[in-house]
Amino acid sequence: MSLDLLGYRGKTVAITGAATGMGREAAELLIALGAQVHAMDIAPIDLEVAQALSVDLSDPVSIDAAVAKLPEQVDCVFGCAGISAMYLGRTFSPVHVNLVNFVGARHLVESLVPRIPRGGAIALIASMSGSAWRDNLAKIDELLATPDFASAKKWLEAHVDDPAVLGGDPRLNMNYRFSKEALVAYMKRQTWPLAERHIRINTLSPGLTVTPMMSSFDAISQTGDPDLKVIWPAVGRPSNPREQAEALLFLNSEMARYISGVDLLSDYGYRVREQLGMPTAIEEIKQLQRA
Numbered sequence: 001m002s003l004d005l006l007g008y009r010g011k012t013v014a015i016t017g018a019a020t021g022m023g024r025e026a027a028e029l030l031i032a033l034g035a036q037v038h039a040m041d042i043a044p045i046d047l048e049v050a051q052a053l054s055v056d057l058s059d060p061v062s063i064d065a066a067v068a069k070l071p072e073q074v075d076c077v078f079g080c081a082g083i084s085a086m087y088l089g090r091t092f093s094p095v096h097v098n099l100v101n102f103v104g105a106r107h108l109v110e111s112l113v114p115r116i117p118r119g120g121a122i123a124l125i126a127s128m129s130g131s132a133w134r135d136n137l138a139k140i141d142e143l144l145a146t147p148d149f150a151s152a153k154k155w156l157e158a159h160v161d162d163p164a165v166l167g168g169d170p171r172l173n174m175n176y177r178f179s180k181e182a183l184v185a186y187m188k189r190q191t192w193p194l195a196e197r198h199i200r201i202n203t204l205s206p207g208l209t210v211t212p213m214m215s216s217f218d219a220i221s222q223t224g225d226p227d228l229k230v231i232w233p234a235v236g237r238p239s240n241p242r243e244q245a246e247a248l249l250f251l252n253s254e255m256a257r258y259i260s261g262v263d264l265l266s267d268y269g270y271r272v273r274e275q276l277g278m279p280t281a282i283e284e285i286k287q288l289q290r291a
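Mind the numbering: the sequence shown is residues 1 to 291 in our numbering, read in order.
Shown next, in the form of structure tokens:
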């Protein structure tokens, strides 16, 4: 008898960001595990899925059109789409980054919640860079209080120069960081309301991962390509998309059926360094460049 510990066989799942990176890896695994996968991305999807939908998460009309084509019941939602200010040769405004990474993700999730049955689950990809969300919660809660896509966009446009939101030194990539802080805080705020519907919600916060976005971070921070064997002494390498996708699938699986409201930090313990008062990655990179 074969075990189905993850419990995806026969489940209907919706996943964004399925064309590349962690989202693609997650979609491939879900297909292999017997799920009916409804995949979404702004880029073409070349996987054998139940349905491939084009969606632009910066546009609520596009999101609504995709949602209208999804099944009446969606057991699990995976939010894997995300961009940085420089991505795949394109440059995006701070507002656009936040529309895709948070506002659009929220709009999609809230559109699908009525279709998620008792025992369903939501897993969203955040980031290690969003782990300090508590320190910025006052600003984040202002954004979370916006009732819809249009008002959230208006709020972001009014905070373009705010260093706690989208402004500050561009090398610190604050607009990306804020979008991920908002995503984690949103997950935390939704944990109890969704629990009343017997729906779980969690986030995965990957550390440095080899995806198309990785080179974008180097370009934005102007840090170059430091020796990862020094920065990441435990493993000497960043993670790969498959490793992060497996963690994401765990969060929405039957094996995690009593886990909700958790931001799973998948960085091989790197963030512990900051928690213990050790030098941050940026500080160590600067030290390497001075050497």
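Yeah, the Cβ is synthetic: ideal placement off N, Cα and C, and Gly gets one too.
query	result
contact_flag[the region 141-153, the region 192-210] where n(CB pairs < 8 Å) is 3 or more	no
Per DSSP, cross-strand counterpart(s) of residue 36	12
Beta-carbon proximity of residue 33 to residue 6, cut-off 7 Å	yes
At least 3 beta-carbon pairs within less than 8 Å: the region 56-76 vs the region 9-21	yes
Separation of residue 162 from residue 122, as counted between CA atoms	31 Å
Within 7 Å, strictly: CB atoms of residue 332 and residue 22	A question about residue 332 goes unanswered here, because the residues of the chain that appear run from 1 up to 291.
Contact check, residue 35 vs residue 11, beta carbons under 7 Å	yes
Alpha-carbon to alpha-carbon, residue 62 and residue 208	30 Å
Cβ-based burial, residue 25 [other Cβ within 10 Å; buried from 16]	buried
Nearest-angstrom Cα separation, counted from residue 178 out to residue 245	23 Å
Inter-residue CB distance, residue 205 and residue 111 (contact presumed, cutoff 8 Å)	Actually they are not in contact, since the Cβ atoms of residue 205 and residue 111 sit about 24 Å apart, beyond 8 Å.
With 16 other Cβ atoms within 10 Å as the buried cut-off, status of residue 258	exposed
Cβ neighbour criterion (16 or more within 10 Å) applied to residue 4	exposed
6 Å CB neighbourhood of residue 265 in its chain, flanking five on each side removed	205 and 271
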